[in-house]
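Numbering (my numbering), first residue to last: 2 to 193.
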């Protein structure tokens with residue numbers, strides 16, 4: 002089984018993805034972890050690295066190429082990244098999108114990173130704008146288009162345990178033999 006969990010910063014995707022990977026005995030591959038490691042190697046914050054990536058497209062393309070290769074070549078994996086659903090495309094069994102209002106996400110990020118909430122909100126908004134611009138430019142992906150996702154939740158409405166419970170039920174109920182809705186992701190230029 003190949004699952005993807007996507008969403009903006011602070012949406013709960015890392016927490017949810019780790020719990021789902023455990024629940025279904027899947028390898029958890031996090032694009033965010035890989036991206037943060039790449040930023041730290043260059044002595045940059047994730048926000049600075051995001052902005053640097055606007056001028057150096059090899060950063061995104063290398064990360065995205067790796068994630069797409071994993072989706073194509075491996076099984077029993079949960080891919081977690083902003084673009085995981087788009088990158089996995091028709092190879093994914095189920096694609097999940099998690100989100101929450103920016104104010105909620107900024108509070109979560111501020112708590113997690115021990116920073117001022119307003120600073121977290123400003124940085125997060127900058128980061129999202131930067132990423133959306135690059136996704137459109139590189140791959141013709143409109144990150145705000147959720148039509149490729151099978152499940153989308155506003156994680157501000159439920160506890161992490163509640164979100165996990167709903168997703169676990171949905172995934173347990175999934176039968177690939179009766180799936181009439183699986184379709185290719187079209188219009189993406191996988192130009193790595």
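All residues carry an ideal CB built from backbone N, CA and C; glycine is no exception.
Quick caveat, the model's predicted, so the values are computed rather than measured.
Between residue 48 and residue 128, the C-beta spacing is below 9 Å. Judged by DSSP secondary structure, residue 96 falls within the beta strand (DSSP E) whose first and last residues are 95-100. In this structure, the beta-carbon distance from residue 7 to residue 97 falls below 9 Å. The C-beta separation of residue 78 from residue 140 comes to about 21 Å, leaving the pair out of contact by the 8 Å criterion. In this structure, the straight-line span from the alpha carbon of residue 60 to that of residue 53 is close to 9 Å. Under the Cβ criterion (8 Å, minimum of three pairs), the segment 62-70 does not count as touching the segment 108-121.
Note: residue 5 is bridge-paired with 80 and 96 in the DSSP secondary-structure output. For residue 50, the closest C-alpha among the options 170, 88 and 125 is that of 125. The alpha-carbon of residue 39 is positioned some 15 Å away from that of residue 56.
Per DSSP, reduced to three states, the secondary structure at residue 139 is helical.
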